[in-house]
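Undergrad:
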Amino acid sequence: KTTMDPAFFEVPSQSQVVARTAVLVGLHPDEATGAICESAVKHGKPFAVVPCCVFSDMFPERTIENRQVRTHDDICAWIKTLAPGVGSAFLGFAGKNRVVFLTKEINL
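7 is the number of the first residue of the sequence shown in this note's numbering; add one for each residue after it.
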């Protein structure tokens, strides 16, 4: 069993895939949401995620405004803190439909 967490992208084979990838995308990626965004930022890649569940108990280190990320609005706001230029928009379907994205490659 493989868990997609930030360490997943540090394995040489996965890291090489990210390096060759144009954009990282996750549609309701559950607990992989943070790993997708953090890895994209680390590798200077654009990303787009449509977060669904927050998994606050699994990721107590995620905070926004000095409090733990617990709501959908919180996770969207937390993702926006990962890099300058992260934006969000609403997609044209019902349910959790906010996409949080970075559209350009970055050099941190």
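Beta carbons: idealized from backbone N, C-alpha and C, even for Gly.
Are the C-beta of L88 and some C-beta of chain C separated by less than 8 Å?
TA: Checking the listed chains, one finds no chain C in this structure; it contains a single protein chain.
Undergrad: Bridge partners for T69 per DSSP, in chain order?
TA: According to DSSP, T69 bridges with Q74.
Undergrad: What do you get for F107, buried or exposed, if any count of 16 or more other CB atoms within 10 angstroms of its CB means buried?
TA: That one is buried.
Undergrad: Pick from V23, V75, A13 and V24: whose alpha carbon is nearest that of T87?
TA: Selected option, being the one with the closest Cα: V75.
Undergrad: Based on the DSSP secondary-structure assignment, which residues constitute the bridge partners of L33?
TA: In DSSP, L33 forms a bridge with V56.
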